[in-house]
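Here numbering that gives the first Met the number 0 is used: the first residue of the sequence shown is 0, the next is one more, and so on. What follows is a set of notes on a single structure, which appears directly below.
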Amino acid sequence: MKKIYLIALCLFGINTFAQKKIVVDVPNKVSEIQPTMWGVFFEDINMGADGGIYAELIKNRSFEFAKPLMGWNIEYPAEAKKEVLVKLRHEGEILVQNRMDKTSANPRYLTVTVNNTQKGELGLSNEGFKGMGFKSGLRYDFSVLARVITGSVKMHVELLNAKKEIIGSTLVTPNSKEWSKIESSFNALASEPKGTFRIWFEGTGVVDLDMISLFPSDTWKGRKGGMRADMIQLLADMKPGFVRFPGGCIVEGFDLNNRYQWKKTLGPIEERQLIMNRWNIEFTHRPAPDYFQTFGLGFFEYFQLCDDIGAAPLPILNCGMACQFNSAEVVPLDQLQPYIDDALDLIEFANGDVSTKWGKTRADMGHPAPFNLTMMGIGNENWGPQYIERLKIFTKAIKAKYPTMKIVNSSGIDPESRIFQHLNTELRAMNADIIDEHYYNKPEWFLKNASRYDSYDRNGSKVFAGEYAAQSVQTVSPNNKNTWQCAMSEAAFMTGLERNAAVVEMASYAPLFAHADGWQWTPDLIWVDNLRSYGTPNYYVQKLYSNNKGTHVLPITESGSTIAGKDSLYAAAAWDKNANEVIIKVVNVSGKAQNHELSLAGVKKLDPKAKAFVMQKDNLEEVNTFENATNVSPAEQDITVDVKKKIINLSLPAKSFIVYRVKVLDK
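Spelled out as structure tokens, the structure:
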């Protein structure tokens, strides 16, 4: 009898648990969700630009790296002795020239001298960015700036596979005494993920070469010299509300001389001055001596990308301070004006009429219409009184000329540090528009902080969750992985961001891209190699949020309380006025499946059919790979709505994240 009683009690307990009711108060639109709520953060780290979304295949095309021939090899007959190479260099057959007195943006070029030279006797090869990816049948566009000094020199241009076999070729012959661009297009005859590029010289004469370039033809929107389409498509598929660019720590630079200067990234690519990427020297565990910024991807291209994918531009500018982890250089306050001018001129570049100086520059580059810039960041992860005093000067100058321009302000690097507390207090006293908070912590921190913004002042400064990523091991560890546990914890944290959209207006995961052979930092949202790309579990979490954003926050409660960790559940709800749908996001981080009744209160009529997008894995260490790119990704399911009771029976698998969309038919 006692046994029967215990079984009955257990069954009663299970049934009681199953009947726990979650309520969404549909008519109660708590606050607006900004169109910019979910965006992307781009920084040229992990070969994100050169060797990444910028589709150029030639490394060091203008010979401006610290070592002028870095990435290049002088080629000579395979049977020749090593002394031949020494002779070639000694006698100047391949010579690096410097025209510093004529131009400082791109001073170096190459002089090639040949004397009755046959194909195969003297050449140059380029290794690309961890090799070059070639696609069978695809057109490749070769170009070079050249001038003939004497004689006639033919250039046999070749694509090589990993075995050094020719899989594509063309022939060009420079014929102008003045610098001119020579172009030739040809197809690859086979696919190769680790190819190289080679030029053999033939003839008798002297020729100068610069800006040796090779692009695939399948760039984003087919633009010559453009971006890698598969990578940009992954961004476009997210439908981001904004793109933050160009970083990140590269905004600050190792020192002020190494800072990002947007004006130097405009105009013809041969006039854009290359600099060392600060990630070149940052990590001893991932050395990157060949990491430079060519700025073929510059501010115009960033704005154009935002235009292409319907995202608001969010440029970040240097505030007169270099990275405080490195040199910690600051520009004296009485010398800050050029930095302020850069901010004011950028607004004119983005929004100014074509009759203005910088508006005309934008128009001359191919975009007469304004880019509609509404916000900009001043400083990145800067802190201390020196940041505040510089920020006040910037803010005064920008607001005086552009009073509606929103300014994003740094709150340092650790959201729980004394530095953060000081900055947060100072910035709120200044009535700062937006405060940028960063969090790189273990998954447990993200679960614990899902209620972080519940008590923030609704009428004060807004928050930009500008950089966040759960760290599977620890911050900056090269062993961090993009695991399902990390992605699921971020999904739980993001319910708190969305629930508090009255405070949090923007959020973005960071870093965005990483090359499988050229990364410095992990985890990252999207991984690529020379031919392939895939989204991590974290990517699919971000995409689900961004694609199911909604326009207004709706209250979602269980027993009158916010769902932010109780019974291992996290939830947020939103109204999409454009689709007339309720969107519910629920995360179950526990190891047990849960059943709950979801009541949609305050509606008269519902569509009996609804959608669920389910991410679930029992193994928290699951990841995506090139070979299994969608291992952890959403599965779409049809669900049934009890239209009489206005409820959905939620079946929440263990370790899951689910987005529900339910259409309201009330008129």
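For every residue, glycine included, the Cβ atom is placed at its ideal position computed from N, Cα and C.
heavy atom of the ligand GTP below 7 Å from residue i C-beta
i    : result
D217 : As for the ligand GTP, it is missing from this structure, which has no ligand bound.
Nearest-angstrom Cα separation, counted from residue j out to residue i
i    : j    : result
Q744 : Y438 : Since the first and last residues shown for the chain are 0 and 666, residue 744 lies out of range.
P173 : L123 : 16 Å
H284 : F128 : 19 Å
V22  : Q336 : 55 Å
V29  : A572 : 10 Å
N317 : A161 : 42 Å
S650 : D617 : 15 Å
I280 : I44  : 12 Å
E580 : L233 : 25 Å
L109 : G47  : 28 Å
G297 : W261 : 7 Å
P312 : T112 : 48 Å
K359 : V353 : 4 Å
I346 : A653 : 49 Å
F348 : P369 : 8 Å
L304 : R660 : 30 Å
Y538 : S135 : 29 Å
N115 : D528 : 41 Å
E466 : G150 : 57 Å
D24  : S410 : 35 Å
N648 : K391 : 53 Å
I211 : V330 : 37 Å
N381 : D333 : 19 Å
A104 : Q636 : 56 Å
S454 : E436 : 16 Å
K176 : S632 : 57 Å
F656 : K584 : 7 Å
F62  : G376 : 33 Å
Buried/exposed call for residue i, threshold 16 Cβ in 10 Å
i    : result
K548 : buried
K645 : buried
R457 : exposed
V663 : buried
F324 : exposed
K398 : exposed
E388 : exposed
G590 : exposed
G194 : buried
S558 : exposed
K395 : exposed
L159 : buried
F625 : exposed
R417 : exposed
P76  : exposed
P414 : buried
Q420 : exposed
V472 : exposed
S179 : exposed
Cβ of residue i within 8 Å of any chain D Cβ
i   : result
N45 : Going by chain labels, chain D is absent from the structure shown, which holds only one protein chain.
Whether residue i touches residue j by CB criterion (8 Å)
i    : j    : result
L496 : A469 : no
N499 : Y452 : yes
A321 : Q519 : no
V242 : F393 : no
P26  : G601 : yes
N379 : I315 : yes
G351 : W357 : yes
E92  : L121 : yes
S488 : P442 : yes
V586 : A506 : no
S460 : A431 : yes
I57  : F196 : yes
I165 : E191 : no
F282 : D49  : no
T494 : A570 : yes
So, does the segment 192-206 touch the segment 267-280, judging by three or more C-beta pairs under 8 Å? Touching, no.
Suppose only complete runs of 4+ residues qualify. What are the alpha helix (DSSP H) ranges in the segment 438-514, listed by chain order? 442-447, 483-498
Could you say if the segment 597-615 and the segment 522-534 meet the contact criterion of at least three C-beta pairs nearer than 8 Å? no
Just list the alpha helix (DSSP H) runs in the segment 149-237, keeping only unbroken ones of 4 residues or longer that don't cross its boundaries, in chain order. Runs found: 228-237.
Please confirm if the segment 630-643 is in contact with the segment 608-615, defined as three or more CB-CB distances below 8 Å between the two stretches. Touching, per the Cβ criterion.
Taking only runs that begin and end inside the segment 588-632, name each unbroken alpha helix (DSSP H) of 4 or more residues, in chain order. none
Stretch-stretch touch, CB-based, cutoff 8 Å, three pairs: the segment 472-479 with the segment 207-226: no
At least three beta-carbon pairs within less than 8 Å, the segment 502-514 to the segment 186-204: no
Just list the alpha helix (DSSP H) runs in the segment 237-272, keeping only unbroken ones of 4 residues or longer that don't cross its boundaries, in chain order. 248-251
Please give the ranges of any beta strand (DSSP E) in the segment 336-421, keeping only runs that are unbroken, at least 3 residues long and fully inside the region. DSSP assignment within the segment 336-421 yields the following whole beta strand (DSSP E) runs of 3 residues or more, N-terminal first: 374-377, 405-409.
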